[in-house]
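Numbering (this note's numbering), first residue to last: 180 to 378. A virtual CB, placed ideally from N, CA and C, is assigned to each residue, including glycine. For clarity, every value in this text was computed on a predicted model and none was experimentally measured. Encoded as structure tokens, the structure appears first; notes follow it.
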């Protein structure tokens with residue numbers, strides 16, 4: 180009886196210790212995250228495209244990093260996807276784009292579930308071998324005790340020339356036989372993060 184009591188007490192203490200273990204990084208919830216952009220061709224024809232493969236995390240120190248698999252571009256037209264991969268993004272040499280930032284994680288976690296805050300965040304976008312720092316307006320929402328969502332309040336305008344993509348845009352225009360393709364695209368995103376507990 181004493182042995183059972185001691186064992187039961189040990190298990191209870193162990194479970195409590197596990198429940199209070201340090202929290203690991205906040206992982207990107209790919210199923211509830213989205214990055215999209217709008218392209219414009221022939222002056223006034225605009226279309227929405229997405230990337231289907233994302234990964235990322237926010238560390239306990241507030242270091243955020245999101246990786247975008249450029250080969251996962253989805254325009255709903257397979258031949259156009261292939262052309263973007265090969266002629267624009269050149270995914271053989273530059274397979275990913277990334278967003279990185281140092282965020283105010285304590286401020287995010289101070290929100291009660293259902294609360295939001297608006298903030299302007301400096302981020303670094305790495306794309307096609309180039310890195311550009313830019314300010315982004317964000318809406319951060321605490322969706323639960325174990326999750327928060329970071330969304331762009333306004334589209335982020337990405338200029339192709341700033342990343343050495345202007346030649347690729349021209350190649351796309353030529354192969355598609357278009358009069359023009361816009362060199363700047365608005366990008367929007369919704370990034371959902373869930374708490375990851377360390378073992």
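A residue is called buried when at least 16 other Cβ atoms come within 10 angstroms of its Cβ; residue 299 does not meet this threshold and is exposed.
For residue 316, the uninterrupted beta strand (DSSP E) segment begins and ends at 309-323. Note that the region 349-356 touches the region 260-274; at least 3 beta-carbon pairs, one per stretch, sit closer than 8 angstroms.
Between the beta-carbon of residue 301 and that of residue 342 there is about 18 angstroms, and that puts the pair past the 8 angstroms contact cut. Under DSSP, residue 298 forms a beta bridge with 317.
When the beta-carbon positions are compared, residue 368 and residue 330 come within less than 8 angstroms of each other.
Along the length of the region 222-267, whole beta strand (DSSP E) runs at least 3 residues long occupy 224-230, 233-237, 242-248, reported in chain order. Shown here for residue 371: same chain residues with a beta carbon closer than 6 angstroms to its own, the five before and five after excluded, namely 208, 211, 212, 328 in chain order.
Judged by DSSP secondary structure, residue 373 falls within the beta strand (DSSP E) whose first and last residues are 363-376.
Its Cα nearest to that of residue 251, the residue 228 stands out among 228, 237, 235.
Cβ neighbours of residue 291 within its own chain (closer than 7 angstroms, five residues either side excluded): 321.
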